[in-house]
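If you're matching positions, the sequence shown starts at 5 in this note's numbering and goes up one per residue. Ideal Cβ placement from N, Cα and C applies to all residues, glycine included. What follows is a set of notes on a single structure, which appears directly below.
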Amino acid sequence: MSCPLCVCFFKCLTLSLSELVDARCVVLMAAADSLYLGFDFSTQQLKVVAIDGNLQVVHQNNVQFDAELPEFRTQGGVHIHADGLTVTSPVLMWVKALDLLLDKLKSAGLDFSRVKALSGCGQQHGSVYWRRGAAETLQELNPQHSLHHLLQSSFSVSDCPVWMDSSSGQQCQYLQSAAGGALRLAEVTGSRAYERFTGNQIAKLQMTQPDQYDNTERISLVSSFAASLFLGDYAAIDYSDGSGMNLLDIRSRNWSEVCLEATAPHLDKLLGPPLPTTSVLGPLSPYFVHRYGFSELCKVVAFTGDNPASLAGMRLQQGDIAVSLGTSDTVFLWIQQPHPALEGHVFCNPVDWQAYMALLCFKNGSLTRERIRNECAGGLWEVFSAALRETPLGNNGNIGFYFDAMEITPTAMGVYRFDPQNNKVPSLSPQAEVRALVEGQFLSKRLHAERLGYSIIPGTRVFATGGASSNPEILQVLSDVFNAPVYTIDLSNSACLGSAYIAVQGLVAESEVSFFDTIKPATKPQQVATPHPSAQEIYDPMVKRYAQLEERVLQESRPLSHSHQSVQPKQPRAS
Ligand code: 5FX
C-alpha cells in the first residue's frame, strides 16, 4: 500500500498526523518535478499558470480574445447588444481559446506528462447551455481534431449571458417575491436578486427562447463548462461558484427548491448536484493524453469562480480580509458564519467547505482618490501622503462620503461632509478632505464587511493589493481603521495561482490535510503597517457614527440613486 498523500511509499506512513501536516510531507508529495496547472477563463482572456512541486510559478501564458480570436468580433471579450443591457460572449470563442492556449504551452516546451492535477476558474455568473447529445460528444473526443471543430454543434445557445449582463430585472423581481422578499432570498442564497446572477439569466432564457431551453441537456457555469472540457464529461458546479446563481442554499449546500421552482422547469436535472470546490472530478479526458502528452493519471479538480479562486491565491485564512484598491475597490473576506445582507454577497468558501467568504464591490476607488489628490494635493501623491501623515487619526471628528459615481455599496451618489457635531458642511480644509476620503473609504469597507459577519479578532490580518497598495500612508490608515496589521502580496494573477493551489489541494483534500498546510511552502506575504495603539479607541465608535451618517446620506441620495439606476446597472469586475 502506498501513502494516501504522496508518492513516497513509506516515509509518510511512519509519521504522526501532526508531523504529516507539518507540510514536509506535503512538499514531498508535491515532488519537485510535478507540475500543477491553474486556468482562468476570465472576461477578456484565457490565462494559465503552471506551478512546480514547491509551489513556485514556472510558466504563465494567455490568449487575448479580441486580438487573437478576431473572428468572434468581441470587444473586451463580450458583445454588448443594442439594448445596452444584454451582454454575451460566444461559447466557441472560449473553446477555441483553449485549443490555442494548449498549443502555445506545447510550443513553449511545457512537459505535459509532469502535470499531476489541474484546476481553474471562470468569470462568475456566466452560463453555458449544452445541446442534447453533447455528453456523448464530450466522451468521444477524437484527438486528431481541435476541440473547436469537435464541439461546434454541442451548444444550444451560442452566445452565453455573462456577468456584465443586466437585462434580467423582471426575473429578479419575480424571484424575490417568490422567495419572500430580497432579504429572505439573501438569507438563503447569500445575495438578494442580482441581474447578472445565473438563475435570473436562466429564467430569462427559458421565457424568451423556450426552444433553446428545451434543447438543452445540461447548464454549466463558465467554470464548470471549462472543467467539462478537461474531464470529457459534464463537471459538477462547485459550492463557491454555485453561490453566485441565486439558486444554491448556502447553508445546506444544495439547490433551493423554492428558487429552482421560481426559475425554470426541471432545473435540478439540468444543473446536476453541486460539489465542494476541492473535489477531484476524475481523470483527465484521454483526448488531452493523446493530443498533448498529459499523463493518464492527471486529475481534474473542480473549477470555481474567479473571485473564490483569488481568495485561495491570496491565501486568506479565517479572520483575514483582503482589500483590493483599484479602479473599483473590492473586499474579500473569510467568514465562519454567514450573515447575508442586502448589500454584498456571501459565497461558500472555496478552500474550506464548512466556511464562507464574502465579496463586496465599491465603485468609487482610485478615480475618486485621484480626483481628491488633484483638487486638494496639487495632483501629487507625496502631498496627498503628507496630508495623511500630518492629520490625526479620526480627523478631529470630520467624516466624508465621496460617491462621485453611483456607488454599489451602498447604493448612493454624491459627496457629503460632516463636522464633529454631525452637521453637514460644504467643505473641509484640503488636508482634512484627504483624510476624510481615505478614512471614509475604509470605514465603509469595515462597516459593510461587519454587516456580512466579519469581526476583528486577535490575529486578524488585512491583505492589501491593487495600485494604491503601494502607498504606505494609505495602508497605515487601513491598518488603523481595521486595527489590524496590513500585509501586501505581489500577485497579478491571484485567480490563476489560486486555481493551481486548488489543484494541489484536490489531491490531498480527502486525507484531511488543510489547504494551509498544503500551501505552506508558497512565498510569505510582507507586513507593511501596524495599527497605532489608539486605533481601536478611535475607530470603534467612529464606525458606529459612520453607519448613522450613512443612513442620512442614503435618505438624501435616494432620488439621485433612482434617476441613475437605469444608466449604471453593472457591477465592476472584482478581480
Ligand atoms: C463578481 O460577482 C462579478 O460579477 C465579477 O467579479 C466577475 O466574477 C468577473 F469575472
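- For Asp333, the distance from the CB to the nearest heavy atom of the ligand 5FX is not below 7 Å.
- Secondary structure remark: continuous alpha helix (DSSP H) runs of at least 4 residues inside the region 515-543, in chain order: 519-522.
- Judged by their CB atoms, Thr90 and Leu179 are not nearer to each other than the 8 Å cut-off.
- With 16 or more other Cβ atoms from the protein chains shown falling within 10 Å of its own Cβ, His349 counts as buried.
- Within the chosen limit of 7 Å, the ligand 5FX reaches the beta carbon of Leu363 through at least one heavy atom.
- Taking 8 Å as the cut-off, the Cβ atoms of Pro287 and Lys303 count as close.
- At a threshold of 7 Å, Thr413 does not count as near the ligand 5FX, since its beta carbon sits no closer than that to any of the ligand's heavy atoms.
- The Cβ-Cβ distance between Leu225 and Gly297 does not fall below 8 Å.
- In the three-state DSSP reduction, Ala54 falls in the strand class (E or B).
- Around the beta carbon of Arg393, a 10 Å sphere encloses fewer than 16 other beta carbons of the protein chains shown; the residue is thus reported as exposed.
- Between the region 62-74 and the region 93-101 there are three or more C-beta pairs closer than 8 Å, enough to call the two in contact.
- A direct Cα-to-Cα measurement between Pro312 and Ser299 gives close to 28 Å.
- In the structure shown, Gln509 adopts helical secondary structure according to DSSP, grouped into three states.
- Distance between Arg200 and Pro537, taken at the CA atoms: about 43 Å.
- The distance from the Cβ of Arg439 to that of Asn487 is about 17 Å, inconsistent with a contact at the 8 Å cut-off.
- In the structure shown, Gln480 falls within a helical segment according to DSSP collapsed to helix, strand and coil.
- In the assembly as shown, Gln531 is an exposed residue. Its beta-carbon has fewer than 16 other beta-carbons within 10 Å.
- Here the distance from the Cβ of Trp338 to the nearest heavy atom of the ligand 5FX is not below 7 Å.
- Exclusion of the five residues before and after Arg465 leaves Asp324, Ala488, Pro489, Tyr491 as the residues of its chain whose Cβ lies within less than 7 Å of its Cβ.
- By the Cβ-count criterion, Gln79 is exposed, with fewer than 16 other Cβ atoms from all chains shown falling within 10 Å of its own Cβ.
- Secondary structure note for Gly418: its beta strand (DSSP E) is the uninterrupted segment 416-422.
- Contact check for Phe307 against Ser123 passes: the beta carbons are separated by less than 8 Å.
- Per DSSP, the unbroken alpha helix (DSSP H) holding Pro312 starts and ends at 310-317.
- Three or more Cβ pairs closer than 8 Å define a contact, and the region 511-518 falls short of that threshold against the region 417-426.
- If you ignore the 5 residues before and after Tyr543, its C-beta comes within less than 6 Å of the C-beta of Val485, all in its own chain and listed in chain order.
- Annotated three-state conformation of Val166 is coil, per DSSP.
- If you compare the alpha carbons of Phe45, Arg135, Glu411, Ser332 with that of Phe159, the shortest gap goes to Arg135.
- By the beta-carbon neighbour count (other beta carbons within 10 angstroms, threshold 16), Gly113 is exposed.
- Per the C-alpha coordinates, the member of Ser289, Val327, Leu59 positioned closest to Leu142 is Ser289.
- Rounded to whole angstroms, Cys125 and Phe43 show a C-alpha spacing of 6 Å.
- In this structure, DSSP gives Thr372 a helical state, which the three-state scheme calls helix.
- The C-beta distance from Ile493 to Glu437 rounds to 30 Å, too long to meet the 8 Å contact threshold.
- Runs of alpha helix (DSSP H) with 4 or more residues, each lying fully within the region 277-354, are found at 290-296, 310-317, listed in chain order.
- The closest CA to that of Glu347, considering only Pro277, Thr469, Gly236, Tyr198, is found on Tyr198.
- Proximity of the beta carbon of Asp310 to the ligand 5FX is indicated: a heavy atom of the ligand is located closer than 7 Å.
- Less than 8 Å divides the Cβ of Ser498 from the Cβ of Met318.
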